[in-house]
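J.:
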Amino acid sequence: MNNDMDNMKEEIRTLLEDALPLVDFDSDFLFSELDSLGVTTILMLLSDKYGIRLEASDATPRNLKTLESIVAMVKGKLIMNNE
Amino acid sequence: MNSEYEMMMLEDYIARHARQWPQKTAIVCGEERCSYEELNRRASERARALRDTGVRPGQIVCLRAYASIDYLTTYFALHQIGAVVAPLEQDMPETAFSRIASQLEGYEAPEGIADVLYTTGTTGKSKGVMISHRAILANAENLIEGQGFSQDLAFIVSGPLSHIGSLSKIHPMIFLGGTIILVDGLKDINRFFSAFTYPAHKIATFLVPAAIRILIQLSADRLAALADRIDFIETGASAISQADMEVLCRLLPKSRLYNTYASTETGIISTYDYNNGHCIPGCLGRPMSHSKIIITQEGLIACKGDTLMSGYIGDPERTAAILRDGTLFTSDLGLIDSEGMLHLRGRADDVINVGGFKVSPTEVEDAAMGFPEMKDCICIAANHPVTGKALKLLVEMAPGIQLNKRAVALYLKQRLENYKIPMLYEQVQRIARTFNGKPDRKHYQQRPFE
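Chains as they are written, first to last, in numbering that gives the first Met the number 0: chain C, 0 to 82; chain E, 0 to 449.
1. Going by DSSP in three states, C:L63 sits in which element: helix, strand or coil?
2. Along the beta strand (DSSP E) that carries E:M129, what are the first and last residues, could you check?
3. Roughly how many angstroms lie between the CA atoms of E:G81 and E:G57, to the nearest whole one?
4. In whole angstroms, what is the alpha-carbon distance linking E:S101 and E:I26?
5. Which chain C residues are close to E:S218, counting only those with a beta carbon under 9 Å from its beta carbon?
6. Between the alpha carbons of E:Q216 and E:D243, how many angstroms are there, rounded?
7. What would DSSP say about E:E245, mapped onto helix, strand or coil?
8. Closer than 7 Å by beta-carbon distance: list the chain C residues that pair up with E:P384, in chain order.
9. Determine the contact status of E:A226 and E:L185, defining contact as a CB-CB distance below 8 Å.
10. Within 10 angstroms of the Cβ of E:G345, are there 16 or more other Cβ atoms? Answer buried if so, exposed if not.
11. Going by DSSP, what residues sit across from E:A373 in a beta bridge?
12. Under 8 Å between the Cβ atoms of E:G310 and E:K291?
13. Apart from the five residues just before and just after E:I239, which ones in its own chain have a Cβ nearer than 7 Å to its Cβ?
14. Using DSSP bridges, identify the partner residues of E:I294.
15. Measure from the alpha carbon of E:S167 to the alpha carbon of each residue in E:L136, E:D365, E:E88, E:P315, then state which is nearest.
16. Quick one, which of E:H342, E:A301, E:L283 has its alpha-carbon nearest E:R323's?
17. Can you name the residues of chain C whose CB is closer than 8 Å to the CB of E:R405?
18. Indicate whether at least one CB of chain C lies closer than 8 Å to the CB of E:Y424.
19. At 4 residues or longer, what runs of the alpha helix (DSSP H) sit wholly inside the stretch 125-196 of chain E?
20. Taking 8 Å as the CB-CB limit, is C:T39 close to chain E?
21. Applying the 10 Å Cβ sphere with the 16-neighbour rule, what's the burial state of E:D183?
22. Check whether the Cβ atoms of E:L392 and E:P421 sit closer than 8 Å, and answer yes or no.
23. Decide if E:L334 is buried, meaning its Cβ has at least 16 other Cβ atoms within 10 Å, or exposed.
24. What are the uninterrupted segments assigned as alpha helix (DSSP H) that are 4 or more residues long and contained completely in the stretch 310-389 of chain E, given in chain order?
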């Protein structure tokens, strides 16, 4: 389970760092580092990559606080998809 | 409309509204509200304080253009005492801010100048565009007549107040005594949408094409739910795609949707409601009442009228190169159709328009070439799924060195405003150059971008 989490975290990090080179994805205050374009890019890339539906209402400071919270948001959406 | 602007400036209207409807809300920003009476009082008090600190008429004062009531208070206060405002990007690096501020210390603006707005030229050197009080009011009247701004309108301003796209919407709203709602960008999308719940008879906003794309891709349902609330949306500053225009028409069938031709130098020139059943791509409508458009023999758009800039601050040569005998010659290629409507056909220079901001690729390349081990580079426009168009830096590194794009991006962040930093990077074997050694931009324009 932890391995899955780590793998997904690294996969998401690579994907997002490639698209948003200015953003520090190790930050504990990730949301405050992002602009509107960054937020949108994250939602769109993750939607495409994992086949989930992420909307603007998902772009909360809590969901985008850290890379770990982004991973948790994706996992939550995947679970909802499977139910 | 009674054109009385020749003897007035925008701040006179604040004083008039403060007398006529003192409790009317002038500006809303988050939880903070400011009535016209309060705005007038605050601006007058600040004007006195600024005068006491030695600010004098004609002096150009640089301000970081925050989306706040406090910023607008200072903006109006400086005008009240005859000083000139140079609104600069919120995120402008301190070195660039200090450089512009120290350059402007040496200048006294000619009489009648209100603002100096910074824009990028083909060489990458920033140019201070002088905007007169007369031009501000002419632009306001153009928008009021052309798009139906009214006193009972609340206008949501979500873009940077250092840029003509958003700053120019402050002016007609103050002119009429309407309500301005300030929102700091679209990052907090919930805050943006909550602005539409403001209890006004009519609501409108300005969005650059990239922002429209963001909304229709991620919030189409929420936008459609506002179909009865939105009086109009204006876009401009860069080209909007036909697909995005059609989607927006479908989501907001009752709203007027304007595509406008404007620039810092020309002011607000023409506008077209593409939600009129025809949705003509690239159409920018007929010139507004204070403006005239001419197409030169070379196919370039030239403009006349009271909205034009007064010149570039401290640069009479550059001014004379584009502003002659009351006509401003742009680098935009255009045509006027049989119905007198303007259509944009691209640009005649190398400037890249990204989300409404003009970027000189030369400035980006010059900054990037200082990066260690970078042998050559070229900055080009590339397709981007979110913004439509983005800057891309093609890089040739020294032999055996791998491009670290994050390191390059961070290096550029120390030197350039955020909108000038490329989003996309690619390491290439060699940068194509022309026979005389210049970057071969045409070679990359023809390149099919993935």
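Just so it is clear, CB atoms sit at the ideal spot from N, CA and C, and this is done for glycine as well.
T.: Reading off the structure:
1. Working through the first sequence from its first residue, we reach residue 63 of chain C at position 64. If DSSP states are grouped into helix, strand and coil, C:L63 belongs with coil.
2. Counting from one through the second sequence, the residue named residue 129 of chain E turns up at place 130. Note, E:M129: beta strand (DSSP E), 125-131.
3. Start at 1 with the first residue of the second sequence, and residue 81 of chain E comes out as number 82. Start at 1 with the first residue of the second sequence, and residue 57 of chain E comes out as number 58. Looking at the two C-alpha atoms, the distance is approximately 6 Å.
4. In the second sequence, counting from the first residue as 1, residue 101 of chain E sits at position 102. In the second sequence, counting from the first residue as 1, residue 26 of chain E sits at position 27. Their backbone Cα atoms lie some 32 Å apart in a straight line.
5. As a working mapping, residue 218 of chain E is identified with position 219 in the second sequence. Going along chain C in sequence order, the residues near E:S218 (Cβ under 9 Å) are E54, A55, S56.
6. The residue given as residue 216 of chain E occupies position 217 in the second sequence. The residue given as residue 243 of chain E occupies position 244 in the second sequence. Cα to Cα, the separation comes out at about 10 Å.
7. Locating residue 245 of chain E in the second sequence gives position 246, counting from the first residue. When secondary structure is reduced to three states using DSSP, E:E245 falls in the helix class.
8. Translated into the one-based positions of the second sequence, residue 384 of chain E becomes position 385. Within chain C, the residues placing a beta-carbon under 7 Å from that of E:P384 are M43, ordered along the chain.
9. Reading the second sequence from its first residue, position 227 is the one you call residue 226 of chain E. Reading the second sequence from its first residue, position 186 is the one you call residue 185 of chain E. Not in contact: E:A226 and E:L185 (Cβ atoms no closer than 8 Å).
10. Walking along the second sequence from the start, residue 345 of chain E turns up at place 346. Answer is exposed; the Cβ neighbour count stays below 16.
11. By one-based count along the second sequence, residue 373 of chain E stands at place 374. Per the sequence shown, residue 373 of chain E should be read as Met rather than Ala. In the DSSP output, where bridge partners are listed per residue, E:M373 has E:M396.
12. Numbered from 1 along the second sequence, position 311 holds the residue referred to as residue 310 of chain E. Numbered from 1 along the second sequence, position 292 holds the residue referred to as residue 291 of chain E. Against a cut-off of 8 Å, the Cβ pair of E:K291 and E:G310 comes out as no contact.
13. For the purposes of this step, residue 239 of chain E is taken as the residue at position 240 of the second sequence. Contacts found: P208, I211, N258.
14. The residue labelled residue 294 of chain E in the question sits at position 295 within the second sequence. E:I294 pairs with E:I300.
15. Within the second sequence, numbered from 1, the residue matching residue 167 of chain E stands at position 168. Nearest option by C-alpha distance: E:L136.
16. If you number the second sequence from 1, residue 323 of chain E lands on position 324. Out of E:H342, E:A301, E:L283, E:A301 has the C-alpha closest to the C-alpha of E:R323.
17. For the purposes of this step, residue 405 of chain E is identified with residue 406 of the second sequence, where counting begins at 1. The answer, in chain order, is E16, P20, L21.
18. Here residue 424 of chain E corresponds to residue number 425 of the second sequence, with the count starting at 1. Chain C, which has a Cβ nearer than 8 Å to the Cβ of E:Y424, makes this yes.
19. 132-146, 163-175, 188-193
20. Translated into the one-based positions of the first sequence, residue 39 of chain C becomes position 40. For C:T39, the answer is yes, since a Cβ of chain E falls inside 8 Å of its Cβ.
21. What you label residue 183 of chain E is simply residue 184 of the second sequence in a count that begins at 1. Buried, by the Cβ-count rule.
22. Reading the second sequence from its first residue, position 393 is the one you call residue 392 of chain E. Reading the second sequence from its first residue, position 422 is the one you call residue 421 of chain E. Against a cut-off of 8 Å, the Cβ pair of E:P421 and E:L392 comes out as a contact.
23. Counting from 1 along the second sequence, the entry for residue 334 of chain E is found at position 335. It counts as exposed.
24. 315-321, 360-367
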